[in-house]
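Residue numbers (my numbering), protein chains in the order written: chain A, 448 to 903; chain B, 831 to 1236.
Heads up: the structure comes next, in structure tokens.
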Amino acid sequence: MSSARLLRGRAIARLARPLARPSQPSSVLLIQRAAASNLSQRPDSEYVSFPGAVKSAFTTTLNFDKPSDHAAIPTYRVVDQHGAVVDTSFKPDLSTEEVIKVYEDMLFISLMDLVMFDAQRQGRVSFYMVSAGEEAVCVGSASALTMEDVIYCQYREQGVFKHRGFTATDFMSQLFANKNDNGRGRNMPVHYGSKELNIHTISSPLATQLPQASGAAYALKIQRQNDPTIPPRVVAVYFGEGAASEGDFHAALNMAATRSCPVVFICRNNGYAISTPTLEQYRGDGIASRGIGYGIETIRVDGNDIWAVREATKRARELALEDGGKPVLIEALTYRVSHHSTSDDSFAYRARVEVEDWKRRDNPIIRLRKWMEAQGIWSEEKEKEARERLRREVLHAFKEAEREKKPPVRTMFEDVYEELTPDLKRQMAELKSILERYPDEYDVNEFEGGKKSLDS
Amino acid sequence: MKSKCIHHLARTARRPALLTRTSSVPITTTSSLRLYSTHPPNAKLNLPVDYSTTPLLSHTSQTALATPDLPAHVRNSTTQKMNLFQAINDALSTALASDESVLVFGEDVAFGGVFRCSMNLAESYGAERVFNTPLTEQGIMGFAIGAAAEGMRPVAEIQFADYVFPAFDQIVNEAAKMRYREGKTGRSAGGLTVRMPCGGVGHGALYHSQSPESLFTHIPGLRVIMPRSPLQAKGLLLAAIRSNDPCIFMEPKILYRAAAEQVPTEDYELPLSKAEILKPGEHVTMISYGQPLYNCMAAIERAEKDFGVSVELIDLRTIYPWDKECVLNSVRKTGRCIVVHESMVNAGVGAEVAAAIQEDEKTFVRLEAPVTRIAGWSIPTPLMFEKFNFPDVARIYDGVRRVMEY
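Next up, the structure:
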């Protein structure tokens, strides 16, 4: 009984919290608090006191709120296409070495993309997804997080892995699914994961990582409550604008808001979900406009401006840790310069000239390069040297990884459960018996330990 | 709409005795008036289960403490009479008290739950650990998986098993596969337990009656558990919460208030993936789990008298990965097998058990009769016809006759 009353009281308190609407006069907030202290409808009140929306004023004008009545949410930028600073309050907070590291991380990913896209075309890996045009969203946001922050990715976030310390060998081990692959050769290429770097392994189903990120953020919050020596941490979760149409997006934002979870949602709005343009994906003002509806502080940034992404993520991280934790939404506008994946020819649904335009006109790597050159910390020679060095690094790791043995065949039965079940042991023995009785039908030599790995 | 149904069901689940006694309530004004859950006047088999006398429940402290698989330290402890929802509540409370990483959440969990399973937990353990979620099954499940992946032990509630389907993607593609895809990183959703009331309740119709266990037994990576009694529910739920594999814990809602027995007050676990032989026998092996075990027991009592046979009754307890050895050993001994479950016969648990029996060389040669499945028909659960749908005592009794006469 008392609990029900207690909880209802809490719910009322939550409803009474004012929405962040700068245009609202403070007197309105006062009235809201007064109204919220008593949920019954007072006679002659100017405000609704239904529990569903206690802050709403009565009106006698029959007027539907139209999306077109609202200006599109503006896009924050720090540096323009020419590398010139447009936010006069901006002060770079990275040392020259750090800026160069960020730049080289983007460059590395774009070079690896070229190598691996071709490698897939030659049939040397089964699949690949490039992230051309979106390097700044990933590297810029990752650079504003701490290593203790937990990250969930969709699949086009190679830059996040690179910036946090994934090596060329780590990338190649996963792409070739060899014995050094964290995923033990089970996942499709580009489904990276790392415990040390605090990045959860990528899974193909879209948007499933979003409510998981909310739950993970809640876990971090509770763990810090239980043990204050744990540093404050947030969860950052990446997704595309297409994935935001999934029910899991709705579930994630609503749960994160109602449970006050310290999670930063980072949407890469690159204009396309495979062949589907955003006009067929949604009719609202992008993804950002939805954040407000869930009661979530939201910003839209220029995703090709690494400084804008970094500044926004830095601030979002601070916000996410305020008031005991809360979600924040960042929508980064960018353009998917590449095909969706190696299984896609995007010129079947968009003009080559459109893509070429984007490549030439606005590219996140070139934009940072121009800024660095303006600062006098980068040059044509340095560019040439970096490109050659990074390409060599990629190709070296490529060759090494391709030569490595594949994981033991036994690995296919492990990690389904914590322990091998009697059934799985039987099935493993059955597979071994088949391999022994039909040796010409299977090639097990490229797998570490050959068929011996199937011994019980 | 949903909430209306819930309160109705919660109310009737609260008073199962009323359902079975309605025929004696003197409100009958015309001879044609029929009430729910009455049984035909001459019925000898399809009588209501008398939970107060069934040998499947421990009516005394001694029988409770003599339960097989109870840890030694519990055998000397005290017991308390609990019904199924109280035993679940006791297990949740024990789990919350013993491990600060345990969280309990779902729709309407904070005030005690629509079936009272989480009563007083929010008050005792705080609103941060026991809380309501928005009405989103996929959200509840994703949230729970994320919390589990970060080392918590979430116990998520799906209000009815019928509403688990929006969460299927999260359960099947995420929870079940996480350890596998994470590989060397060692992360998993192993801390996850999903509780859901399931099964017929007399009038739950299409969306308050389902038992989707076989949809989960098809998914490698999950442990699927269904208790039959309060004592079992506490031990198995604690084992599920502490298991490092994601567990689907299905609670037969008709037993929430109906089944009451002595339950050890200590903290104890019962082993997962281990069946229990409830009654040894020589001629027929009967395999079931959850509520139908009570019908099985009633049918066996009559069949043994009428046919002079001896039936071995096995409770699977964990439906997947299941205790094949226990079942195969029994069938090798008896040569006959009947599988009983409430959910639809097509591709149900019975299909898996029957196939495993005929597939095993040592068991196949011992079979004296075809393996028989007695289960729900291959239809949704219709409101007015529930009593013709689920396996009842008559159908199970007839099954024993058929396998003996073959």
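The C-beta atom is built at its ideal place from N, Cα and C for all residues, glycine as well.
Note that this is a predicted model, so its numbers are computed, not measured.
Between B:D1190 and B:S928 the beta-carbon gap is near 40 Å, outside 8 Å, which marks them as no contact. For B:D938, there are no neighbours in chain A by C-beta distance under 7 Å, as the nearest C-beta there is about 11 Å away.
Around the beta carbon of A:G731, fewer than 16 other beta carbons sit within 10 angstroms, so the residue counts as exposed. A:L882 sits close to A:K898, with the two beta carbons spaced by under 7 Å. According to the DSSP secondary-structure assignment, A:N716 is paired through a beta bridge with A:L780. Taken in chain order, the complete beta strand (DSSP E) segments of 3 or more residues contained in the segment 1069-1149 of chain B are 1077-1082, 1090-1094, 1106-1109, 1114-1118, 1141-1145. A:Y741 is outside the set of residues whose beta carbon lies under 7 Å from a beta carbon in chain B.
Counted as a single uninterrupted DSSP element, the beta strand (DSSP E) harbouring B:P1027 occupies residues 1023-1028. Using a Cβ distance threshold of 7 Å, A:A703 and A:S650 do not count as a contacting pair. Three or more beta-carbon pairs separated by less than 8 Å link the segment 837-848 of chain A to the segment 613-622 of chain A, which places the two stretches in contact.
By the CB criterion at 7 Å, A:V681 and A:D596 fall inside the cutoff. For B:I975, the chain A residues whose Cβ falls inside 7 Å of its Cβ are Q659, G662, in order along the chain.
Going by beta carbons, B:T1202 and B:G1229 fall inside the 7 Å limit. According to the DSSP assignment, B:G936 belongs to no alpha helix (DSSP H) but to the beta strand (DSSP E) extending over 932-936. Contact holds between the segment 1030-1041 of chain B and the segment 1213-1221 of chain B, because three or more Cβ pairs, one in each stretch, are under 8 Å apart. In the pairwise beta carbon analysis, the segment 895-902 of chain B is classified as not touching the segment 925-939 of chain B: fewer than three pairs are separated by under 8 Å.
Chain A places a beta carbon closer than 7 Å to that of B:R1011, counting this residue as a contact.
With a cut-off of 8 Å on Cβ pairs, the segment 620-635 of chain A is not in contact with the segment 672-679 of chain A, counting fewer than three such pairs.
With respect to the 7 Å criterion, B:D1075 and A:E865 are classified as neighbours on the basis of their beta carbons. In this chain, the beta strand (DSSP E) harbouring A:G687 covers 682-687.
In this structure, DSSP gives A:D792 a state outside helix and strand, which the three-state scheme calls coil. Rounded to whole angstroms, the gap between the alpha carbons of B:D999 and A:K817 is 45 Å.
A Cβ-Cβ contact shorter than 7 Å links A:Q605 with A:I556.
In this structure, the straight-line span from the alpha carbon of B:E958 to that of A:P658 is close to 18 Å.
Within chain A, no residue has its CB atom less than 8 Å from the CB of B:A927, the nearest being about 14 Å off.
Where A:D749 is concerned, the enclosing beta strand (DSSP E) starts and stops at 744-749. For A:M702, at least one C-beta of chain B is nearer than 7 Å to its own C-beta. Closer than 7 Å at the C-beta level to chain A, one finds these residues of the segment 1050-1081 of chain B: P1050, G1051, N1074, D1075.
Annotated three-state conformation of B:R959 is coil, per DSSP. Judged by DSSP in its simplified three-state form, A:F696 adopts helix. At a cut-off of 7 Å, the C-beta of A:E865 has a neighbouring C-beta in chain B. Secondary structure of A:A504 (DSSP, three-state): strand. Using a Cβ-Cβ cut-off of 9 Å, B:A1185 is close to nothing in chain A; its nearest Cβ partner there is about 13 Å away. B:M1080 counts as buried, since no fewer than 16 other beta carbons sit within 10 angstroms of its beta carbon. Distances from the alpha-carbon of B:V994 to those of B:F1046, B:L933, B:F1137, B:P1060 put B:F1046 closest. In the three-state reduction of the DSSP assignment, B:E1172 falls in the strand class, which pools E and B.
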